[in-house]
Amino acid sequence: MLLPVIIAGGTGSRLWPLSRELMPKQFLKLYTDSTMLQATVQRLQGVNAKTPLVICNEEHRFIAAEQLRQINKLDHNIILEPEGRNTAPAIALAALTALNQGQDPILLVLAADHVIQNNLAFHQAITIATELATAGQLVTFGIVPTAPETGYGYIQRGAVCQNTEQAFYVSKFVEKPNKDLALQYLSSGQYYWNSGMFMFKASIFLAELRKFRPDILACCEKAIANTESDLDFIRVNSGAFAACPAESIDYAVMEKTNLAVVVPMAAGWSDVGSWSSLWEISDKDAAGNVHLGQVFQHSSSENYVFAETGIVATVGLQNAIVIQTKDAVLVAAKDQVQDVKNIVQQLKNAGRSEHFIHREVYRPWGKYDSIDHGNRYQVKHISVKPGEKLSIQMHHHRAEHWIVVHGTAKVTINEQEQLLTENQSVYIPIGAVHSLENPGKIPLELIEVQSGAYLGEDDIVRFSDRYGRH
């Protein structure tokens, strides 16, 4: 049986300001009405496969769980990495988890942040790869190149595989080339883009990892031997995993093994590594523009413009990227978007938070939007999902006022419970132990006004939390 393993780690900065450390691109709706993680799972419809194992960072666990729940694919199937250690350890955790459950499945390793436009070609490549993986090969999927791309690593193919004429033994992996070398690769017809997608039996991958990087495998075995179940999450031993070397599967295994084969794939693949690549794969108007949101243009062409709130207008603008969010605006030349990461670094150096977190923040119980703030006050719009409850908590430095605008709130202040409905409000003094719950069947919407000497998110003492937060 095929077990998809979806790598959903990473905190990329190349799609800032939409992508942030706490909401990276794999959890965003960039290309369809589904998030990239959801689209990766949905792409497997029609493939005879088990429910995917998803591997993500600890800090993204509730986002991943909620997005899987929305598509009915949440089933205690999220492995949490205490910290990122690249793809070889992540895949080892998935393989060991499967073997510990008494199975030796074929693992289909996918990235959660790729776009594939041709699902039929993708499924055909999976069928070819399954036969090879069943026979004991380590399969990588090579993307048939369409341009002399310098942003990808390449795979050089060798002889045709004995089992099928639709795959090749891997001759070598090569690093990202310069433009001249990329042109040579393209014209030769012997090279493919390295997609970062793989297929192999769990036991065979682990055997090759033991052969070439026993230190990585030993750390992962220790980490997986002390797992803890927490809601829909599988928690590995953080100390053991922190000691694991960080290494990609390419360096750790694929470049060393003699079992590597490549299956070519022409499926409209993109890793959406920049705003310009997203423009390339998106539907455009007659002037080559991609407009999302309330966008108005005059004499403008070849632009990608995203408006999250309000109106964005362009006049006489060509070959540009304009991204407007609630708390930031990016304007960039389309041929220089790889340098967006420099802006992110400047934000970090300046001690700003806009690289790390959005104004609108998702929590396991719902979300909040910090709609205004000033000296000694902050205003939030809080949304609580039906049946969910915030932690029982207390603040040392701030008081809070809650005004219900939609739904019903169950409020507890110093063990005194009350129900609030639309247009009713309540005051929570500094130091009061309190909690908020939505006992109803519809979302609870309220406005929270905080006032006090310190309004940071770390001014919180949790006494009880159903989501295991501290």
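Per UniProt numbering, residue 1 is the first one in the sequence shown, and the count goes up by one each step. Positions of the beta carbon are idealized from the N, C-alpha and C atoms, including for glycine. Predicted model, so just to flag it, every value in this text is computed and none were measured.
Check your understanding: Buried or exposed: valine 305, going by 16 or more other Cβ atoms within 10 Å of its Cβ?
Key -> The residue given as residue 305 occupies position 305 in the sequence shown. So valine 305 ends up on the buried side.
Check your understanding: Mind checking whether lysine 410 and glutamate 448 have CB atoms under 7 Å apart?
Key -> If you number the sequence shown from 1, residue 410 lands on position 410. If you number the sequence shown from 1, residue 448 lands on position 448. Going by C-beta atoms, lysine 410 is not nearer than 7 Å to glutamate 448.
Point to revise | Backbone CA spacing between asparagine 119 and glutamine 166 [nearest angstrom] | key: One-based indexing of the sequence shown puts residue 119 at position 119. One-based indexing of the sequence shown puts residue 166 at position 166. Rounded to the nearest angstrom, the two C-alpha atoms are 18 Å apart.
Review point. Hey, tyrosine 427 and histidine 395 are a contact pair by Cβ (cut 8 Å); roughly how many whole angstroms apart?
Key: Translated into the one-based positions of the sequence shown, residue 427 becomes position 427. Translated into the one-based positions of the sequence shown, residue 395 becomes position 395. That pair is no contact at about 13 Å.
Point to revise | CA nearest to the CA of glycine 102, picked from Val174, Ser203, Gln38, Asp232 | key: Numbered from its first residue, the sequence shown carries residue 102 at position 102. Taking only the C-alpha atoms, the option nearest glycine 102 is Ser203.
Point to revise | the stretch 65-73 in contact with the stretch 183-201 per 3-pair CB rule at 8 Å | key: no
Exercise for review: Please check the pair asparagine 142 and valine 263, which I expect to be a contact at CB under 8 Å, by giving their CB distance rounded to whole angstroms.
Suggested key: Taking the first residue of the sequence shown as 1, we reach residue 142 at position 142. Taking the first residue of the sequence shown as 1, we reach residue 263 at position 263. Per the sequence shown, the amino acid found at residue 142 is glycine instead of asparagine. With 8 Å as the limit, glycine 142 and valine 263 qualify as a contact, their Cβ atoms being about 7 Å apart.
Point to revise | Backbone CA spacing between isoleucine 442 and aspartate 459 [nearest angstrom] | key: Mapped onto the sequence shown, residue 442 falls at position 442. Mapped onto the sequence shown, residue 459 falls at position 459. The alpha-carbon atoms of isoleucine 442 and aspartate 459 are separated by roughly 29 Å.
Review point. By Cβ distance below 8 Å, which residues in the same chain neighbour leucine 132 in space, the five residues on each side in sequence not counted?
Key: On the sequence shown, residue 132 is found 132 positions in, with the first residue counted as 1. These residues qualify, in order along the chain: Val139, Cys161, Asn163, Thr164, Ala167, Met199, Val261, Val263.
Check your understanding: Three-state secondary structure (DSSP) at arginine 61?
Key -> Your numbering for residue 61 matches position 61 in the sequence shown. Helix at arginine 61.
Review point. Which of helix, strand or coil does DSSP assign to glutamate 417?
Key: As a working note, residue 417 is residue 417 in the sequence shown. Residue state, collapsed to three classes: strand.
Exercise for review: Measure from the alpha carbon of tryptophan 16 to the alpha carbon of each residue in Phe463, Asp250, Ile321, then state which is nearest.
Suggested key: Counting from one through the sequence shown, the residue named residue 16 turns up at place 16. Taking only the C-alpha atoms, the option nearest tryptophan 16 is Ile321.
Check your understanding: Between the beta-carbon of asparagine 319 and the beta-carbon of lysine 334, is there less than 7 Å?
Key -> Mapped onto the sequence shown, residue 319 falls at position 319. Mapped onto the sequence shown, residue 334 falls at position 334. Cβ atoms of asparagine 319 and lysine 334: closer than 7 Å.
Check your understanding: Taking buried to mean at least 16 other C-beta atoms within 10 Å of its own C-beta, is leucine 420 buried or exposed?
Key -> Here residue 420 refers to the residue found at position 420 of the sequence shown. Flag for leucine 420 reads buried.
Check your understanding: If you pair each beta-carbon of the stretch 47-64 with each one of the stretch 4-18, do three or more pairs fall below 8 Å?
Key -> yes
**Study point:** Distance, valine 404 Cα to glutamine 424 Cα
**Key:** In the sequence shown, counting from the first residue as 1, residue 424 sits at position 424. In the sequence shown, counting from the first residue as 1, residue 404 sits at position 404. Cα to Cα, the separation comes out at about 6 Å.
Point to revise | Buried or exposed (CB count within 10 angstroms, at least 16 for buried), aspartate 113 | key: Locating residue 113 in the sequence shown gives position 113, counting from the first residue. The residue in question, aspartate 113, is buried, as its Cβ has 16 or more Cβ neighbours within 10 Å.
Check your understanding: Would you call the CB atoms of phenylalanine 205 and alanine 223 closer than 7 Å?
Key -> Taking the sequence shown and counting its residues from 1, one reaches residue 205 at position 205. Taking the sequence shown and counting its residues from 1, one reaches residue 223 at position 223. No, the pair does not count as a contact, with Cβ atoms beyond the cut-off.
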